[in-house]
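What follows is a set of notes on a single structure, which appears directly below.
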Amino acid sequence: MFNDPRARVPAPHTPAPRLIVPATLLLRTVEGLRARSNRWRESACVWTGSRDGRVSDVVFHHEMADDRATAFSLELPEREKFALYEKLGRRGDALLSLLHTHPDDGVELSPVDQRNQLSSRIGFWSIVLPHYGARDWKLEEIGFHVRCDRGWRRLRLAEVRDRLHVDVTP
Ligand SMILES: [Zn+2]
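Rendered as structure tokens:
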């Protein structure tokens, strides 16, 4: 259901790179964000993995630092950002996506989200979960954005289906 080949349509833009995420890791991500948000504050994490888009780990902001969230915002202190870059560099891993929660059903990137960059690499994903992550993972309710040469572009549903693969093999 996450990867229906019939949903394949030609993309008018530079296509987003693929992300392949193990189902167990996806579940751990959603549950971790939901627990941290606890229905009142934003929470965030990053997916890291190989440069070809295979996600191998999730790192929650609140495991790295006091993520200083409020009901409507969240940021990672500069020092922890650099510590994260260093750690990934040592392991040869790439930052593939940022994921964070929003209070309501709005899943566009806010101006603050757009400025508050963890990565400005073209092809980096930014995924926004509505309702503080309290609901199940449904592609049509989630905001999928990809960094392009001119800022961020929200992916259409067909593109998300084509580009995001949930790997259910154990
Ligand atoms: Zn946001």
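11 is the number of the first residue of the sequence shown in the working numbering; add one for each residue after it.
Glycine is no exception: its CB is placed at the ideal position from the N, C-alpha and C atoms.
All values derive from a computational prediction rather than experimental measurement.
Three or more Cβ pairs drawn from the region 97-113 and the region 141-149 lie within less than 8 Å of each other, which places the two stretches in contact. The beta carbon of residue 84 sits closer than 8 Å to the beta carbons of 51, 52, 53, 54, 71, 77, 78 and 110 from its chain, once the five residues preceding and following it are set aside; these are given in chain order. The C-alpha of residue 107 lies about 22 Å from the C-alpha of residue 180. Only residues of its own chain outside the window of five on either side were considered, and among them 30 have a CB closer than 7 Å to the CB of residue 64, listed in chain order. In the DSSP assignment, residue 92 falls within the unbroken alpha helix (DSSP H) covering 88-101. Membership of residue 110 in the beta strand (DSSP E) is indicated by the continuous run 104-111.
For residue 66 and residue 94, the gap between their C-alpha atoms comes out near 15 Å.
Between residue 58 and residue 119, the CB-CB gap reaches or exceeds 7 Å. The DSSP-derived three-state label of residue 143 is helix.
For residue 40, the uninterrupted alpha helix (DSSP H) run begins and ends at 33-47, by DSSP.
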